[in-house]
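There are 2 protein chains.
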Amino acid sequence: MRAITETAALDAETRALERPRDHTSELRLWLRMLACTNMIETEIRRRLRERFDVTLPRFDLMAQLDKAPEGLSLGEISRRMMVSNGNVTGLVERLTEDGLVERRASDTDRRSTFVRLTPDGRAAFRQMADEHADWIGELFGDLSADDIEVLLDQLGQAKASVLSHSKKGEGAR
Amino acid sequence: MRAITETAALDAETRALERPRDHTSELRLWLRMLACTNMIETEIRRRLRERFDVTLPRFDLMAQLDKAPEGLSLGEISRRMMVSNGNVTGLVERLTEDGLVERRASDTDRRSTFVRLTPDGRAAFRQMADEHADWIGELFGDLSADDIEVLLDQLGQAKASVLSHSKKGEGAR
DNA sequence: GGAAGATATTTTAAGCTTGAAACAATTTCC
DNA sequence: GGAAATTGTTTCAAGCTTAAAATATCTTCC
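Here it is in structure tokens:
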């Protein structure tokens, strides 16, 4: 074991060469971002359930379909929602039971199924989407327009950094 | 049905009085924040599984215990992790099977159980935590120290706004 | 045309997560 | 002291989520 003085003398060198960099501020940023997102998500889930008896994943899936009136394939939904294929299979199954979406076979590819909102589903979604937008506006209500622009921009940079250092972004690195 | 001119004339008034405010930028902010968080979370889950064969919830629970060497009650873990009580019961059960944590009855309250890391659990966690910190540092690697400070500050404001407008923050409003 | 590879979806097993109901023990307050 | 409210935990049913394996179909390329 090294003497104390020797240890102290090596300290700077150790930090520079062997020790990983200090990531305290990045960790704090990550934890804060996560806490912020979780708080919003929890509150939105609660309101969707209380007000419309619907879950967030179902709302999200319907939101994708609302933007594509002609319908989407299961795979395309999976990509846009950034969830697994099997997940979408189950969600569509349950939404179909509720009469909110409907499936139809593709004309050109017999492997593929398209999904779209039923009229009921569309009406239900529109009502939920309106309130949802109000909720988000309310939750962020104490931020100024400038705050929002700054956050949007900074989060854009963060997103780009994460993408370029994660597996998903490997091709683009 | 109203004539076109009449509709146009009422437009400004409608926007001001009946229509909810436009929340487009808040919605964009929310979607971007969510996408950013999800990308990081997905990548961290993937690495924890590949590298240590551990799930994120188990890692998070061990992180709480690492900060409290004397152990925590199940309820306290649940509050700190912001998840339901039943969730913690199950996680602790599985971590106990793996020999990473251990339970012991409270001396003062017979309803309560404390949980703490085993020596094995602590050693395993320390190794994971070191790599985890490096990963976060890497993912945020393209951000400057200033970027991080700004984001930390802005997210702090966002968090405060969300808290004061959600059920959790009702007492503090 | 047909083999080899790619793509779209489903199935499966395991684990995570929640809200609500049920218990048990403690605390509060008459 | 004891009823009533609170607190700590577990159980339960339902739904979400994933990775991996299995199927089915399509495309590419010889």
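Going down the list, the sequences are from chains A and B. Throughout the first sequence, residue numbering follows the numbering used here, covering 72 to 244 in sequence. Throughout the second sequence, residue numbering follows the numbering used here, covering 72 to 244 in sequence. Here a beta-carbon is modelled for each residue, glycine too, at the ideal position from N, C-alpha and C.
Going by C-alpha positions, A:L132 is about 17 Å away from A:R117. A:S232 is classed as buried because its beta carbon has at least 16 other beta carbons within 10 Å across all chains shown. Of all residues in the region 199-226 of chain B, only D201, A204, D205, I207, G208, E209, L210, F211, G212, D213, L214, A216, D218, I219, E220, V221, L222, L223, Q225, L226 come within less than 8 Å of chain A when Cβ atoms are compared, listed by chain position. Looking only at A:M199, A:L102, A:P140, the smallest Cα-Cα distance to A:D124 is reached by A:M199.
Rounded to whole angstroms, A:A176 and A:R120 show a C-alpha spacing of 31 Å. Residue-level contact by beta carbon fails for B:N158 and chain A, as no gap is shorter than 8 Å. Ranked by Cα distance from A:K238, the options B:E112, B:L98, B:T95, B:H94 are led by B:E112. With a contact defined as Cβ atoms closer than 8 Å, A:G227 and B:R92 miss out at about 24 Å.
By the 16-neighbour rule on beta-carbons within 10 angstroms, B:S183 is exposed.
Assigned with DSSP and collapsed to three states, A:T184 falls in strand. From the beta-carbon of A:E147, no residue of chain B is found nearer than 8 Å; the closest lies around 17 Å away. Judged by DSSP secondary structure, B:V172 falls within the beta strand (DSSP E) whose first and last residues are 172-176.
For B:S149, the enclosing alpha helix (DSSP H) stretches over residues 145-152. Our two residues, A:V154 and A:L210, have alpha carbons roughly 26 Å apart in a direct line. Nearest neighbour of B:L136 by Cα position, chosen from B:T126, B:M152, B:R122, turns out to be B:M152. Not one beta carbon of chain A lies nearer than 8 Å to the beta carbon of B:E164.
What B:M153 touches in chain A, judged by beta-carbon distance under 7 Å, is N109, going in chain order.
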